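K.L.:
Handing you a structure now.
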């Protein structure tokens, strides 16, 4: 996950599905999240999370190289945005090597309901978000609400 800052970028939705390498667009990330909209706080304004699931190939040359690839992907995907010195745009970079599963086409994720009074939660459970911390948190909230 690369946390990139651009206070001027606006998209119709806070989650952006990015073009894949199979469509001729290079870059390790599959999704970008506008944290300023999703978290609705001043500290997150203009902050974007670029998420690369199953990023082992992108990390083969190291975390710094992966960060540069994510930054290049962001600049290619949104020309004129994520401009400025790399150190000011690339705010934080993290590799959670076991945090996600491979988001592959036609992947069937299990529902959250297990049995009466028992609900599962996590990024792997079926929901509107891919394998991300945001998806895991929303899954946990949905599970808690289902048990109320």
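Numbering (our numbering), first residue to last: 31 to 178.
Built from N, CA and C at the ideal position, the CB exists for glycine as well.
Source: prediction; values computed, not measured.
1. Select from 109, 153 and 176 the residue whose C-alpha is nearest the C-alpha of residue 167.
2. Under 8 angstroms: do the region 57–65 and the region 78–98 share three or more Cβ pairs, one atom per stretch?
3. Buried or exposed: residue 126, going by 16 or more other Cβ atoms within 10 Å of its Cβ?
4. Whose C-beta lies closer than 7 angstroms to the C-beta of residue 97 among residues of the same chain, with five residues either side of it excluded?
5. Hey, quick one: how far does the beta strand (DSSP E) through residue 122 stretch, first residue to last?
6. When the Cα atoms are used, what is the spatial distance from residue 41 to residue 156?
P.N.:
Based on what the coordinates show:
1. The sequence position of residue 167 within the chain shown is 137, counting from 1. It is 153.
2. Taking 8 angstroms as the limit for Cβ pairs, the verdict is that the region 78–98 does touch the region 57–65.
3. Start at 1 with the first residue of the chain shown, and residue 126 comes out as number 96. With fewer than 16 other Cβ atoms within 10 Å, it is exposed.
4. Residue 97 sits at position 67 when you count from the first residue of the chain shown. Within the same chain, Cβ atoms closer than 7 angstroms to the Cβ of residue 97 are found at 32, 120 and 123, the five residues on either side in sequence being excluded.
5. As a position in the chain shown, residue 122 is number 92, starting the count at 1. 120–123 is the extent of the beta strand (DSSP E) around residue 122.
6. As a working note, residue 41 is residue 11 in the chain shown. As a working note, residue 156 is residue 126 in the chain shown. Their Cα atoms are separated by approximately 25 angstroms.
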